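Chains A and B supply the protein sequences, listed in that same order.
Residues 429 to 677, numbered by the numbering used here, are exactly what the first sequence covers, in order.
Residues 8 to 349, numbered by the numbering used here, are exactly what the second sequence covers, in order.
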Amino acid sequence: MIEIKNLHAEIEGQPILKGLDLTIGKGEVHAIMGPNGAGKSTLSYILAGKEEYEVTEGDILFNGESILDMEPEERAAAGLFLAFQYPVEIPGVQMTNFLKTSLNAVRKARGEGELETLDFIKLLRAKTTELGIKDEMLKRAVNVGFSGGEKKRNEVLQMAILEPQFCVLDETDSGLDIDALKIVADGVNALREAERSFLVITHYQRLLDYIVPDQVHILAEGKIIKSGDAQLAKDLEEQGYETFVKEAA
Amino acid sequence: MSALPTPKLERWKYSNLPAHVDETYDVHPLAVGYDGDDEFIVDRDVDLLPWAASTYQDMDLWMGLQDVLSIVIPEGKSVEKPVNITMDVEEGQKCEGAIHIHLQKNARLTLHDTVNCQGWMNRAMTITLDDGAELIHIRSGEGQGILTSLIQIHQGKDAKYNAYVMNKFGSFVRDQIHGALTGENGVCSLSGAKILSANQHCDTCILIEHEAPNCYSNQNYRNLLNDNARGVFQGKVHVHQIAQQTDGYQLCNSILLSDKAEMDTKPELEIYADDVKCSHGATTAQLDEDPLFYLQARGIPKEQAQALLLEAFISETLEAFEDHEEIYDQLGQTIKKVLDVA
């Protein structure tokens, strides 16, 4: 599904990723853990196509094709989705209008017909009910005045609506209490299927109790320094990043 | 004719009118189209210019203009159907005149005020709102010409003035507004947008006088400037000592879409009362990249995402019309139209 090969990237001339390799197969859930400044968020922004980051070496293949020259909207249409660590507030753009515009833009790019308002509302109802999202939230402007939990739930709602093949969850657990974390994790787990892969980026092992990964990778100083199964996350939680970083060096 | 104001005058320092009106004009009185009830038109209203304009020496341009239309809405009359006034000035013409709108006690009116400006339109408008009167005043225009406009509003107790202006037209526009809140609980709300491109110049100059306690005034403007366009916003709230419990707000935010566009903002508060809530704010920036990236990451193409954000930005000017659904929707459509996202 996704192959990241020897990825080097920088922002404003500052190297952040220094030869990152990662391959995620269809239907797999991988987790990336790492200390602050390891390049976790950089990786997620580069996958989604944020302009400020420059890839200086290496490639990212999505279903066998390089996405490096693709605009963010083209990547979204191709089936890539980033759940933001800090979902952006957009005053004046109402949720329902945003979700419909987003879905129809993606459908159009995929050569599917745009949904009429009624059909869209039906789809939206079904998804919001599953995620326990109230209608009132849909009347507000995108993420404006949302609590931390509501913002993250909104990310999962967008994921559910766009039905991507590959989802990157950037510190989806940050700022969530246990109840909110469970709701978000249930939402993600409901989307797990044979054709859909996930990359879960997190600081803490806690989220991985709820979204159990097939593989765990430790990212430090711009590289994957160790990979393993779900047990690795638990070892990491016990021993701390320091041990693994030293071991790698 | 009196001398034209020059940038030497403090309130004209951003706008060089003489440089824009150097041609010879064919001068006419301003003709005003009017579709309201004939019985509202009077020859001359008795109580014109109820407060002195002589405080500022920069208003000679509008002094002594011939009256071209006087409307009086009688006491207690609520005019259901919005009234339209329209004015055209052709290229090479200079049309001048004063328009007087007087709403007597508890009268209500919605006024659509539309100009088509190819030459130079120089107009003054007095708006007198007696106690409890309520006027909604929606202005817009088209044309490539020059507009110099003065609006003076005089409000009594409980009177409400709710105004909107869409400035997309004209090569040079000076929009000067003086409001006086002279009775308790008056509300004066001024909202509007400038959508400027090419070499357009638009200067909004507002002065609100709070002369009575418990009044509310609000200035809420958004501007979008492209190419070499230049926008100016000078807004002043003057709270007199007697005007306790005043609420006076100003907000003027601008987005520059080009390196050559310029926005000058000068918000001012002059407060002599000690129990007031006043604020002013102004920002000038480029379109924020983060919301743009967020929308693109959700599959919305860049151009469409930009249009969505700009529409949202300009639509912030509609807040004062949230309780007037029909006007809110109409203005929303106007915004879509001027931004070409309809």
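No residue lacks a Cβ here, since even glycine has one placed at the ideal position from N, Cα and C.
Nothing here was measured: the structure is a model prediction, and the numbers come from that model.
- Message: Suppose contacts are defined by Cβ-Cβ distances below 8 Å. Is R535(A) in contact with L543(A) by that definition?
- Response: Cβ distance < 8 Å, so R535(A) and L543(A) count as in contact.
- Task: Closer than 8 Å by beta-carbon distance: list the chain A residues that pair up with S198(B), in chain order.
- Result: The premise fails here: S198(B) is roughly 14 Å from chain A at the closest Cβ pair, so nothing lies under 8 Å.
- Message: List, in chain order, every chain B residue whose beta-carbon is nearer than 9 Å to that of D512(A).
- Response: This sequence places Phe at residue 512(A); Asp is not what is there. Residues of chain B passing the Cβ test: Y301 and A304.
- Query: For the region 477-499 of chain A, which residues have a CB atom closer than 9 Å to at least one CB atom of chain B, in sequence order?
  - Reply: If the cut-off is 9 Å between Cβ atoms, the region 477-499 of chain A has G477, K478, E479, E480 and E499 near chain B.
- Beta-carbon gap between Y165(B) and N192(B) smaller than 8 Å: The sequence given here has Asp at residue 165(B), not Tyr. Yes; because the gap between Cβ atoms is below 8 Å, this pair is in contact.
- Query: Terminal residues of the continuous beta strand (DSSP E) containing G520(A)?
  - Reply: Here the beta strand (DSSP E) through G520(A) covers I518 to Q522.
- Query: By the 10 Å Cβ neighbour count, where 16 or more other Cβ atoms means buried, how is K567(A) classified, buried or exposed?
  - Reply: Label assigned to K567(A): exposed.
- With a cut-off of 8 Å on the beta carbons, I'd call F594(A) and I430(A) a contact; round off their distance for me. Yes, they are in contact, since the Cβ atoms of F594(A) and I430(A) sit about 6 Å apart, within 8 Å.
- In DSSP terms, what V572(A) is bridged to: Looking at the DSSP output, V572(A) bridges to nothing.
- Sub-8 Å separation of G163(B) and D137(B) beta-carbons: Their beta carbons are under 8 Å apart, which means G163(B) touches D137(B) by this criterion.
- Task: Indicate whether the contact test is met: 3 or more Cβ pairs, each with one atom in the region 488-500 of chain A and one in the region 282-294 of chain B, closer than 8 Å.
- Result: Contact between the region 488-500 of chain A and the region 282-294 of chain B is absent, because fewer than three Cβ pairs lie under 8 Å.
- Query: Quick one: what does DSSP say D182(B) is sitting in, helix, strand or coil?
  - Reply: Strand at D182(B).
- Task: Would you mind reading off the limits of the alpha helix (DSSP H) that contains M132(B)?
- Result: Taken as a continuous stretch (DSSP letters only), M132(B) belongs to no alpha helix (DSSP H), being part of the beta strand (DSSP E) at W127 to L136.
- Item | Cutoff 8 Å: S530(A) Cβ touching any chain B Cβ | Yes - at least one Cβ of chain B is within 8 Å of the one on S530(A).
- E485(A): which of L435(A), D563(A) and I518(A) sits nearest, CA to CA? Residue L435(A) is the option with its Cα nearest to E485(A).
- Query: Can you tell me the Cα-Cα spacing of G447(A) and V483(A), whole angstroms?
  - Reply: Spanning the alpha carbons of G447(A) and V483(A) requires a straight line of approximately 11 Å.
- Query: By Cβ distance below 7 Å, which residues in the same chain neighbour N221(B) in space, the five residues on each side in sequence not counted?
  - Reply: Take N221(B), set aside five residues on each side of it, and the residues of its chain with a beta-carbon closer than 7 Å to its own are E191, N192 and Q252, in chain order.
- Item | Entirely enclosed beta strand (DSSP E) segments - the region 437-488 of chain A, minimum 3 residues | The region 437-488 of chain A contains these whole beta strand (DSSP E) runs: 442-452 and 457-461.
- Secondary structure at F594(A), three-state DSSP: helix, strand or coil? Look at F594(A) here: in three-state DSSP terms it is strand.
- C-beta contact flag for I653(A) and I646(A) at 8 Å: Yes, these two residues count as a Cβ contact at 8 Å.
- Per DSSP, which residues does I207(B) bridge with? Please list them. Per the sequence shown, residue 207(B) should be read as Gln rather than Ile. DSSP lists no partner for Q207(B).
- Task: Would you decide whether S322(B) is buried or exposed? Buried here means 16 or more other CB atoms lie within 10 Å of its CB.
- Result: Classification for S322(B): buried.
- Run through DSSP, which three-state label would T13(B) get? Here T13(B) sits in coil by DSSP.
- Message: Contact defined as beta carbons within less than 8 Å: I believe E678(A) pairs with N582(A). What is the distance between those atoms, to the nearest angstrom?
- Response: Look at the range of chain A in this structure, 429 to 677, and you will see that residue 678(A) is not part of it.
- Message: Can you tell me where the alpha helix (DSSP H) holding F548(A) begins and where it ends?
- Response: Element bounds for F548(A): T545 to L559.
- Task: Would you kindly check if the distance between the Cβ of A569(A) and the Cβ of L619(A) is under 8 Å?
- Result: The Cβ atoms of L619(A) and A569(A) do not sit closer than 8 Å to each other.
- Query: Leaving out the 5 sequence neighbours to the left and right, which residues in its chain are closer than 8 Å to D605(A) when beta-carbon positions are compared?
  - Reply: Taken in chain order, the residues that qualify are G577.
- Task: Report all residues from its chain with a CB closer than 7 Å to the CB of I444(A); omit the five preceding and five following residues, and keep chain order.
- Result: Correct list, in chain order: A437, E438, G467, T470 and G650.
- Task: Mind the definition here: the region 451-461 of chain A touches the region 620-630 of chain A only if three or more C-beta pairs lie below 8 Å; say whether that holds.
- Result: The region 451-461 of chain A is in contact with the region 620-630 of chain A.
- Task: Answer with yes or no whether the minimum CB distance from Q311(B) to chain A is below 8 Å.
- Result: With 8 Å as the cut-off, Q311(B) counts as an interface residue toward chain A.
- Query: What residues in the region 576-587 of chain A have a beta carbon less than 9 Å from any beta carbon of chain B?
  - Reply: So the list reads Q586, given in the order they occur along the chain.
- Message: Using only CA atoms, which one of P89(B), T324(B), D33(B) and H109(B) lies nearest to D50(B)?
- Response: Among P89(B), T324(B), D33(B) and H109(B), the Cα nearest to that of D50(B) belongs to H109(B).
- Within the region 240-278 of chain B, ranges of the alpha helix (DSSP H) (whole runs, at least 4 residues): Inside the region 240-278 of chain B, DSSP marks no whole alpha helix (DSSP H) run of 4 or more residues.
- Message: In whole angstroms, give me the CA-to-CA distance for E218(B) and K201(B).
- Response: Straight-line measurement puts the Cα of K201(B) at about 29 Å from the Cα of E218(B).
- So, is the C-beta of K319(B) closer than 8 Å to a C-beta in chain A? Here residue 319(B) is Ala; the residue named in the question, Lys, does not match the sequence. It does: the Cβ of A319(B) has a partner Cβ on chain A nearer than 8 Å.
- Can we say the region 656-663 of chain A touches the region 11-19 of chain B, given the rule of at least three CB pairs closer than 8 Å? Touching, no.
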